[in-house]
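Novice: Heads up: the sequence lines are chains A and B, in that order.
Residue numbers for the first sequence follow the working numbering, beginning at 1 and rising by one.
Residue numbers for the second sequence follow the working numbering, beginning at 1 and rising by one.
We put the beta carbon where it would ideally sit given N, CA and C, even for glycine.
To start, I am sharing the structure in question, which I have written as structure tokens.
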Amino acid sequence: MANLAAVVGIGQTKYMTRRLDVSIAGLVREAAVNALQDADLTWDDIDAVILGKAPDMFEGVIMPEAYLTDALGCNGKPMLRVHTAGSVGGSTALVAASHVQSGMFKRVLTVSFEKQSESNAMWALSNPQPFSTHLNAGAGGYFAPIIREYMRRSNAPYDVGIKVAVKDRLHGARNPLAHLQKPDITMQEVEESFMLWDPIRFLEACPSSDGACAMIIANEELADKASKKPAWIRGVAMRSEPTMYAGRDEVNPQAGRDCAADVYKQAGITNPRKDLDCAEVYVPFSWYEPMWLENLGFAPEGEGWKLTMEGATSLDEGGDIPWNCSGGVLSSNAIGASGMIRFAEAARQVRGDAGAHQVEGAKLALGHAYGGGAQFYAMWVVGSEKP
Amino acid sequence: MSQPEVLNQAFELGYTYTRSTGPVIGRFLTELRNRNIVGIKASDGRVVVPPMEYDPNTAEELSEFVDVGQQGEIVSFAWVKEPREAHPMDVPFAWAMIKLDGADVPMIHCVAAPSEDAIATGARVQVVWADETIGYITDIRCFELV
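Quick look at the structure:
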């Protein structure tokens, strides 16, 4: 049985198109300092640093962990870099959590980032290699056919994705850190935006953001003494599967279902829609909301879109299970950080510290990240009460 | 035994990137354009050149810039007898650790010298600026013996 651990500090940067005023080190540093301030701690209080980052080729800084050691106060401390493509922000938080849950470390800083304005994420995502399948499509081109298959199977109406795009931007307008601020967005505006990768329109895709996210995770003794309310980690799980194999269900991947079942079991969740108060789920393209509603067990297979269309996932419509109250990946996408932002925003909710996008009385929240060809999954459940 | 024929394909991978240098490295490069070299004062009082953003001991942000001299002393060196294409000079030269006047740590750069015998630890050198300075590290073309 793992030791108890909790989030005692959260720091983020304002997500935006370009942060020309800071180096990559300065960007990462800003989130880390914000987390230390939130926890009322100093560099000396940190025992180890766990850094997450999407592929090195994105910014072309090979082994950024070496370059960022001084910016993150790692001198004389263990530091480790985690790398699981787009899910990395989530798996980094889980590696940090396991450092504390194992009893080996008392208090760990975890940080993840992306500076998309200085990167080449579109093409560096899928480097062509000799004698292997070339997938020079970028993320949207890869996921669009999978979405089309979901639409075919579920008979979902064509505007489910449009609804998600509007809903998450309205959520984002409540969050001052969100990159896109579109409080007046309409279904018509999304529908009329140009088609990028059929069926994904421009406004149904995530933006490219610069930003970093950090958390401080502490053991039970230190979390009990934390300056602000901690978010107790109630379950942690990771799963992976190959990008391609015969018979793989790319619409509803087995690894995602298994990961959810594992994390729910640890947290005592039998009915995620009922037992959880909200969820921060990695939805970089609008249609992934209904797909993940099914993959994560919030709705039976083929019916996830109904929750979306009923407003169940909308804060503004008073839904019973709001998804991505922060605006989600559709409002801010600093790739390496995006998974950690989901985990951190789930923690903010159960700390009662989510400002204008707070779900009133949230006690139990899910943080979710996926990456690669929807093949890496990282999830945690955090709660306001110590288990 | 004959060598098996193995599939083989030339493979080159490259992307274009930009970089924001931030307030510290950015200042250092801007000063180079003005033919000036700056270091930064660390928490223990040492002047570090090129400047670094964060203190190596306390991890605090550093901001106290210090102008250092355009002359300095060779701390150690390695002579390059046969320069290759990628080297900064096409005649024999030295890579050297140079402690600039007013700095407490050396920085690495190349030193032009007529021969290996002409260079030594403790030798004095001075900066040679490029004809046109643009805010790159190559604004310092090399160092030469005083």
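1. Provide the residue(s) that pair with C213 (chain A) in DSSP beta bridges, ordered along the chain.
2. Would you call the CB atoms of L94 (chain A) and M238 (chain A) closer than 7 Å?
3. Measure the C-alpha to C-alpha separation of P114 (chain B) and I40 (chain B) and round it to an integer number of angstroms.
4. Roughly how many angstroms separate the alpha carbons of S331 (chain A) and G140 (chain A), rounded to a whole number?
5. For chain B, check one thing: does any of its Cβ atoms lie closer than 7 Å to the Cβ of N120 (chain A)?
6. With 7 Å as the threshold, decide whether the Cβ of V22 (chain A) is near any Cβ in chain B.
7. Flag this pair as touching only if the stretch 235 to 255 of chain A and the stretch 57 to 69 of chain A have three or more C-beta atom pairs under 8 Å; answer yes or no.
8. Runs of 4 residues minimum, wholly inside the stretch 5 to 37 of chain B: which ones carry the alpha helix (DSSP H) assignment?
9. Excluding the five sequence neighbours on either side, which residues of its own chain have a C-beta within less than 6 Å of the C-beta of W323 (chain A), listed in chain order?
10. Taking the alpha helix (DSSP H) that A347 (chain A) falls in, what are its first and last residues?
11. For R18 (chain A) and V33 (chain A), I'd like the C-alpha separation in whole angstroms.
12. Once DSSP output is grouped into helix, strand and coil, what is the label at F93 (chain B)?
13. Just by C-beta distance, which residues in the stretch 55 to 69 of chain A are closer than 8 Å to chain B?
14. Looking at the unbroken beta strand (DSSP E) that takes in W287 (chain A), where does it start and where does it end?
15. On the three-pair Cβ rule with 8 Å, is the stretch 188 to 199 of chain A touching the stretch 142 to 150 of chain A?
16. Using a beta-carbon distance cut-off of less than 9 Å, what residues from the stretch 35 to 65 of chain B approach chain A?
17. Can a CB atom of chain B be found closer than 7 Å to the CB of P130 (chain A)?
18. Does DSSP classify T42 (chain A) as helix, strand or coil?
19. In chain order, what residues of the same chain lie with their CB nearer than 7 Å to the CB of R35 (chain B), ignoring the 5 residues before and after it?
20. Could you name the residues of chain B that G26 (chain A) contacts, counting a contact when the two beta carbons are closer than 7 Å?
21. Name the chain B residues whose beta carbon is nearer than 7 Å to that of W123 (chain A)?
22. Please list, in chain order, the residues of the stretch 69 to 90 of chain A that have any C-beta partner in chain B closer than 7 Å.
23. Does N34 (chain A) have its Cβ less than 7 Å from a Cβ in chain B?
24. Once you ignore the five residues that flank E241 (chain A) on each side, which residues in its own chain have a CB closer than 8 Å to its CB?
25. Quick one: give me the first and last residue of the beta strand (DSSP E) that S76 (chain B) is part of.
26. Apart from the five residues on each side of it in sequence, which residues of its chain come closer than 7 Å, Cβ to Cβ, to N333 (chain A)?
27. In three-state DSSP terms, what is Y142 (chain A)?
28. Starting from Y67 (chain A), trace the alpha helix (DSSP H) both ways and give me its first and last residue.
29. For a test of the three-state rule: what should DSSP assign to K363 (chain A), helix, strand or coil?
30. Assign N271 (chain A) to one of two classes, buried (16 or more other C-beta atoms within 10 Å of its C-beta) or exposed (fewer than that).
31. Whole beta strand (DSSP E) runs in the stretch 209 to 282 of chain A with 3 or more residues, listed along the chain?
32. State the start and end residues of the unbroken alpha helix (DSSP H) segment that holds D168 (chain A).
33. Give the secondary structure of E144 (chain B) by DSSP, where H, G and I count as helix, E and B as strand, and everything else as coil.
34. S286 (chain A): which of A:A299, A:K167, A:S326 sits nearest, CA to CA?
35. Our contact map puts V125 (chain B) next to G72 (chain B) with C-beta atoms below 8 Å; I'd like the distance itself, whole angstroms only.
36. Do we get a CB-CB distance below 7 Å when we pair N127 (chain A) with the residues of chain B?
Specialist: So, from the listed chains and residues:
1. Within the first sequence, the letter at position 213 stands for residue 213 (chain A). DSSP, once it has assigned bridges, lists A:Q12, A:S112 as partnering C213 (chain A).
2. Within the first sequence, numbered from 1, the residue matching residue 94 (chain A) stands at position 94. Within the first sequence, numbered from 1, the residue matching residue 238 (chain A) stands at position 238. Contact: yes.
3. Locating residue 114 (chain B) in the second sequence gives position 114, counting from the first residue. Locating residue 40 (chain B) in the second sequence gives position 40, counting from the first residue. Spanning the two alpha carbons is a distance of roughly 33 Å.
4. In the first sequence, residue 331 (chain A) corresponds to position 331, counting from 1. In the first sequence, residue 140 (chain A) corresponds to position 140, counting from 1. The alpha-carbon atoms of S331 (chain A) and G140 (chain A) are separated by roughly 16 Å.
5. One-based indexing of the first sequence puts residue 120 (chain A) at position 120. Closer than 7 Å to some Cβ of chain B, the Cβ of N120 (chain A) qualifies, so yes.
6. Here residue 22 (chain A) refers to the residue found at position 22 when the first sequence is read from its first residue. Chain B, which has a Cβ nearer than 7 Å to the Cβ of V22 (chain A), makes this yes.
7. no
8. 22 to 33
9. As a position in the first sequence, residue 323 (chain A) is number 323, starting the count at 1. Excluding residues within five positions, the ones whose Cβ falls inside 6 Å are A279, V281, T313.
10. Counting from 1 along the first sequence, the entry for residue 347 (chain A) is found at position 347. Unbroken alpha helix (DSSP H) run through A347 (chain A): 335 to 351.
11. Translated into positions along the first sequence, residue 18 (chain A) becomes position 18. Translated into positions along the first sequence, residue 33 (chain A) becomes position 33. Cα to Cα, R18 (chain A) sits roughly 20 Å from V33 (chain A).
12. Within the second sequence, residue 93 (chain B) is the residue found at index 93, counting from 1. Reduced to three states, the DSSP call for F93 (chain B) is strand.
13. M57, E59, G60
14. For the purposes of this step, residue 287 (chain A) is taken as residue 287 along the first sequence, with counting starting at 1. That residue, W287 (chain A), is in no beta strand (DSSP E); it is neither H nor E in DSSP.
15. yes
16. M52, E53, Y54, D55, P56, N57, T58, A59, E60, E61
17. Residue numbering aside, residue 130 (chain A) sits at position 130 when the first sequence is read from its first letter. So yes, P130 (chain A) belongs to the interface.
18. Sequence index remark: in the first sequence, residue 42 (chain A) carries index 42 (1-based). If DSSP states are grouped into helix, strand and coil, T42 (chain A) belongs with coil.
19. Within the second sequence, residue 35 (chain B) is the residue found at index 35, counting from 1. The residues are W129, T133.
20. Counting from one through the first sequence, the residue named residue 26 (chain A) turns up at place 26. Within chain B, the residues near G26 (chain A) are G22, E53.
21. Position 123 of the first sequence, counting from 1, holds the residue named residue 123 (chain A). Result: Y15.
22. D70, A71, G73, N75
23. Indexing the first sequence from 1 puts residue 34 (chain A) at position 34. Not one chain B Cβ lies under 7 Å of N34 (chain A).
24. One-based indexing of the first sequence puts residue 241 (chain A) at position 241. If we look at E241 (chain A) and ignore the five residues flanking it on each side, its Cβ neighbours are R248, P253, Q254, A255, Q375.
25. Translated into the one-based positions of the second sequence, residue 76 (chain B) becomes position 76. Counting along the chain, the beta strand (DSSP E) containing S76 (chain B) begins and ends at 71 to 80.
26. Start at 1 with the first residue of the first sequence, and residue 333 (chain A) comes out as number 333. Closer than 7 Å at the Cβ level, and outside the excluded window around N333 (chain A), lie C206, P207, S208, S209, P284.
27. For the purposes of this step, residue 142 (chain A) is identified with residue 142 of the first sequence, where counting begins at 1. Three-state result, Y142 (chain A): helix.
28. Taking the first residue of the first sequence as 1, we reach residue 67 (chain A) at position 67. First-last of the alpha helix (DSSP H) with Y67 (chain A): 64 to 67.
29. Start at 1 with the first residue of the first sequence, and residue 363 (chain A) comes out as number 363. Coil.
30. As a working mapping, residue 271 (chain A) is identified with position 271 in the first sequence. Its Cβ having fewer than 16 others within 10 Å, N271 (chain A) is exposed.
31. 210 to 219, 231 to 240, 278 to 280
32. Working through the first sequence from its first residue, we reach residue 168 (chain A) at position 168. Run containing D168 (chain A): 160 to 172, per the alpha helix (DSSP H) assignment.
33. Position 144 of the second sequence, counting from 1, holds the residue named residue 144 (chain B). Correct three-state label for E144 (chain B): strand.
34. As a working mapping, residue 286 (chain A) is identified with position 286 in the first sequence. Among A:A299, A:K167, A:S326, the Cα nearest to that of S286 (chain A) belongs to A:K167.
35. Locating residue 125 (chain B) in the second sequence gives position 125, counting from the first residue. Locating residue 72 (chain B) in the second sequence gives position 72, counting from the first residue. With 8 Å as the limit, V125 (chain B) and G72 (chain B) qualify as a contact, their Cβ atoms being about 6 Å apart.
36. Indexing the first sequence from 1 puts residue 127 (chain A) at position 127. N127 (chain A) counts as touching chain B.
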